[in-house]
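Going by our numbering, the sequence shown opens with residue 23, and the numbers climb by one from there. Backbone N, C-alpha and C define an ideal beta-carbon position, used for all residues, glycine too. No experiment lies behind these values; they were computed from the predicted model shown.
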Amino acid sequence: MLQTNLSNITQIAQHAIFDVTKNGNFLAKNKKSSSNEVDIDGYKVSATLKDIGQITINLNIDKKKVCNAVNNFVSAYNTTLNFLSENINKGSSISKHLDNLKIPEIYEKNLNSIGINKNADGKLSVDNKVLNDALSNNIEDVEKVLGSRYSAFSKIDKSINSALKASSISLVDGTLYGQASSNSSINYDLLNQINLLNIYNNNGRFGMINFSAIGLILNMFA
23 MLQTNLSNIT QIAQHAIFDV TKNGNFLAKN KKSSSNEVDI DGYKVSATLK DIGQITINLN
83 IDKKKVCNAV NNFVSAYNTT LNFLSENINK GSSISKHLDN LKIPEIYEKN LNSIGINKNA
143 DGKLSVDNKV LNDALSNNIE DVEKVLGSRY SAFSKIDKSI NSALKASSIS LVDGTLYGQA
203 SSNSSINYDL LNQINLLNIY NNNGRFGMIN FSAIGLILNM FA
């Protein structure tokens, strides 16, 4: 008698194929994945495909975390403005970075719509009630203001990165040499030492040599 073992027949694994729609619009169509673990909506969401069918994923915003992040950003921004303002006489480049960090009026209306206000002194403040309301009722507007590549936050981020990449000596070199020509207490030997430090601080903006150069430069005018 012939016997079969059909109950143990296996099938070669195949790619998972799926579509993704958001608000009725296709984000992905006939997308393939070699695993049941898939990333969707621009990698914002991970999901596990367990069966054939249609599922609905509802995304909720953690408003508390968003509010904390916005408030922390505003606090850091204001602290940075203070620091640059207090050291503006140390070099022309510092003044330039300060100007780049200031938010133009063109962005103010959008910022105000989500509770971020620009004060008369240029600093920012947060109306958490307005921000919470925007997160509840106008989340897409919040995304545009905070996440768009053309937003005020994007401009600030670019300005900060530019400032952080600047070498310490480049911030004050013009002022240093200007004072050296009229102030005998500052000698060129010391300036050359600072330039030497600048050569080595290219190992990273958070390198200890870079911090030492910054400290030495600022202490000269303390």
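{"Item": "Assigned secondary structure, residue 39 (DSSP; H/G/I helix, E/B strand, else coil)", "Value": "strand"}
{"Item": "Distance between residue 87 and residue 171 (C-alpha atoms, nearest Å)", "Value": "22 Å"}
{"Item": "Exposure of residue 137, with buried meaning 16 or more beta-carbon neighbours within 10 Å", "Value": "buried"}
{"Item": "Beta-carbon gap between residue 100 and residue 146 smaller than 8 Å", "Value": "yes"}
{"Item": "Residue span of the alpha helix (DSSP H) that contains residue 158, given as start and end", "Value": "150 to 159"}
{"Item": "Residue from 43, 166, 73 and 91 whose Cα sits closest to the Cα of residue 129", "Value": "166"}
{"Item": "Neighbour-count burial assignment, residue 156, 16 or more Cβ in a 10 Å radius", "Value": "buried"}
{"Item": "Range of the contiguous alpha helix (DSSP H) that encloses residue 131", "Value": "130 to 135"}
{"Item": "Member of 47, 134, 111 and 153 whose CA lies at the smallest distance from the CA of residue 90", "Value": "153"}
{"Item": "Residue 123 versus residue 82: straight-line alpha-carbon distance, rounded", "Value": "32 Å"}
{"Item": "Neighbourhood of residue 93 by C-beta distance below 7 Å, restricted to the same chain and skipping five residues each side", "Value": "148"}
{"Item": "CB of residue 106 within 8 Å of CB of residue 119, strictly", "Value": "yes"}
{"Item": "DSSP-derived helix/strand/coil call for residue 140", "Value": "strand"}
{"Item": "Cutoff 7 Å; reference residue 176; Cβ partners in own chain excluding five residues on either side", "Value": "170"}
{"Item": "Residues near residue 178 in its chain [Cβ-Cβ closer than 8 Å; skip 5 each side]", "Value": "99, 123 and 125"}
{"Item": "Cβ-based neighbour list, residue 163, same chain, cut-off 7 Å, excluding 5 preceding and 5 following", "Value": "135, 136 and 156"}
{"Item": "Inter-residue Cα distance where the pair is residue 85 and residue 142", "Value": "28 Å"}
{"Item": "Straight-line gap, residue 127 to residue 117 (C-alpha atoms, nearest Å)", "Value": "19 Å"}
{"Item": "According to DSSP, residues forming a beta bridge with residue 44", "Value": "47"}
{"Item": "Residue 139 versus residue 39 - alpha carbon distance", "Value": "47 Å"}
{"Item": "Paired residues, beta bridge with residue 147 - DSSP", "Value": "139"}
{"Item": "Span separating the alpha-carbon of residue 115 from that of residue 44", "Value": "47 Å"}
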